[in-house]
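Asks: The opening position of the sequence shown corresponds to residue 1 in the numbering used here, with each subsequent residue numbered one higher.
Quick reminder that beta carbons are idealized off the backbone N, C-alpha and C, glycines included.
If you're wondering where the values come from, they're calculated on a predicted model, not measured in any experiment.
There's a structure below that I have some questions on.
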Amino acid sequence: MLHLSPFWFCTNSVPGDDLIPALDAAREFGFSDVELSAIDGISEQIVAERVCDEYVAWVRARLEERGLRCVAVSGHCDLTNDRQFARFLKKLEFAGKIGATRINTRCGPACRTVKFRKNLSRAVEAAAPYRLRINLESYGDIVGTARECGPIFREIGHPSVRCNYDPGNNYRFARGEISIADDICESLEVLDCLHLKDALLRDGYIYNPPIGQGEVGYAAVFSALEKSRTSIPCGLEVPQSFRVRASDFAIEQLTPAPEEVRRAIRESLDFIAQNCAV
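Following this line, the structure appears as structure tokens:
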């Protein structure tokens, strides 16, 4: 049985930009590790513009009150956009100072790879004093499916730049074209961690249902990984606050009831417990 270790809670699983309810949910469901959310325009529970020593201390105190620690930061932005990249550097600073070991981000449009490489080099330099890993998430942009992006990581060739594989994202932009279970095995050379996120196409929109209730095929994913690894770092991500229009990938905000959010987390954990060791 595949061991998910460390296994953490992605705080964007709780809708809104208020950090406290997300931390309370992590504690309620028995997590000790979290990935704090600083996702531009979707879940800004960590605010780039507020990052300073006092802000980091305030967040650390809120974590310690609940027996939590931050192991990762979700800092998604377009690294080829100068304004967004400047904010990313502040998120990176926060991640390093709070004691995280990794920051996850998308990359940017494939047509701007030169700008991406330039800014990534700057980010790697900024991350070095913190020994912080920069994980490029499979998002369907510069980094997409594993079979497509292997050459990109080989070209980057830096040990602190790795892949965060998100099966839910890959379903969104490559559904019907790949088997997630097969594709994820092609990422093992550069894989740092996994985001557990399911996906389901319904009435022209892609939703993120509880793990195991979508179309990713997580039983097959876990089985495939188990053949190559005994354990893998992994974050639970069950965002209920948006849906994605399948025709053009436009994001539409949703307002789920608190009990719906908790049900999605609880049912995800039940499925994971039946299929993995945590």
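1) Below 8 Å, can you find three or more Cβ-Cβ pairs linking the region 51-63 to the region 76-85?
2) Relative to the C-alpha of G168, which candidate in K115, G212, A26 has its C-alpha closest?
3) Residue ranges of each beta strand (DSSP E) run of no fewer than 3 residues wholly in the region 10-39, ordered along the chain?
4) Measure the Cβ-Cβ separation of R245 and G217 and say whether it is below 8 Å.
5) Just to confirm before moving on: does the CB-CB distance between Q240 and V261 stay below 8 Å?
6) Report the three-state DSSP secondary structure of A273 (helix, strand or coil).
7) What residue does the alpha helix (DSSP H) around T113 start on, and which one ends it?
8) Which residue or residues does DSSP assign as beta-bridge partners of A72?
9) So the candidates are D40, H76, I103; which of them puts its Cα closest to the Cα of C70?
10) So the candidates are D192, R106, R243; which of them puts its Cα closest to the Cα of L279?
11) Between which two residues does the beta strand (DSSP E) containing V161 stretch?
12) Taking all protein chains shown into account, do 16 or more other C-beta atoms lie within 10 angstroms of the C-beta of D158, making it buried, or fewer, making it exposed?
13) Identify, in the order they occur along the chain, each residue of the same chain with its Cβ nearer than 7 Å to the Cβ of P6, setting aside the five sequence neighbours on each side.
14) Whether or not the region 120-132 and the region 140-153 are in contact is what I'm after, with contact meaning three or more pairs of Cβ atoms, one per stretch, closer than 8 Å; do they touch?
15) Can you check DSSP and say which residues form a bridge with W58?
16) Cβ of L89 versus every heavy atom of the ligand ATP: is any distance shorter than 7 Å?
17) So the candidates are E215, F31, F85; which of them puts its Cα closest to the Cα of A126?
18) Considering only residues of the same chain and omitting the five flanking positions on each side of Y133, which have a CB-CB separation below 8 Å?
19) From the DSSP output, read off the bridge partner residues of G235.
20) If you draw a straight line from the C-alpha of S74 to the C-alpha of A38, how long is it?
21) Smallest Cα separation from P210: which of V114, S223, E237?
22) May I ask which residues mark the beginning and end of the alpha helix (DSSP H) holding R154?
23) Leaving out the 5 sequence neighbours to the left and right, which residues in its chain are closer than 7 Å to Y171 when beta-carbon positions are compared?
24) Look at the alpha carbon of S223 and the alpha carbon of L2, and state the distance between them as a whole number of angstroms.
25) What does DSSP give as the partner residue(s) for V190 in the beta ladder?
26) Under the assumption that L92 contacts L63 (Cβ atoms under 8 Å), give the Cβ distance between them as a whole number of angstroms.
Replies: So, from the listed chains and residues:
1) no
2) G212
3) 33-39
4) no
5) yes
6) helix
7) 113-127
8) E35, R102
9) I103
10) With the chain running from 1 to 278 in the structure shown, residue 279 is simply not present.
11) 161-165
12) For the sequence presented, residue 158 should be read as His rather than Asp. By the 10 Å Cβ count, H158 comes out exposed.
13) D33, V71, P233
14) no
15) None, per the DSSP bridge assignment.
16) In the structure shown, the ligand ATP is absent, as is every other ligand, since no ligand is present at all.
17) F85
18) Inspection of the sequence shows that residue 133 is occupied by Arg rather than by Tyr. Contacts found: T101, R102, I103, A127, S160, V161, R162, D192.
19) W8, H195
20) 6 Å
21) E237
22) 146-156
23) I180, A199, E215, V216
24) 8 Å
25) V190 pairs with nothing; no bridge assigned.
26) Incorrect: roughly 18 Å between the Cβ atoms, too far for contact.
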